[in-house]
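Accompanying notes for the structure given below.
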Amino acid sequence: MNFKEAPILAGTAGGTLASTLPNIGTEHLITTCILALVGATVSFVMTLILKKLLAILKQFRLFLFTKSKRKN
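Take the sequence shown: its position 35, counted from the start at 1, is 41 in the working numbering, and no numbers get skipped.
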């Protein structure tokens, strides 16, 4: 992309945005915000759960490894 095409791309993107904004209703905007909030919350909680699970599995693996070394 060269710099001569940048204003054309910006104008096209701005025109597309300007033509779609009036068609978005308040209900759709609120629904989208709620769904984004729920999705972000679920993602954050799942990340915490998976980190905790991974830490437990690492400890369990280390426990099994040291236990098998003691038998030998």
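We put the CB at the ideal spot given by N, CA and C, even for glycine.
May I ask you to report which of helix, strand or coil DSSP gives residue 17? Here residue 17 is taken as the residue at index 11 of the sequence shown, counted from 1. In this structure, residue 17 counts as helix in the three-state DSSP scheme.
For residue 55, which of helix, strand or coil comes out of DSSP? In the sequence shown, residue 55 corresponds to position 49, counting from 1. Of the three classes helix, strand and coil, the one that applies to residue 55 here is helix, per DSSP.
Using a Cβ-Cβ cut-off of 7 Å, state whether residue 70 counts as contacting chain C. In the structure shown, chain C cannot be found, because there is only a single protein chain.
Which of the three DSSP states is assigned to residue 66 in this structure? Working through the sequence shown from its first residue, we reach residue 66 at position 60. Residue 66 falls in the helix class under three-state DSSP.
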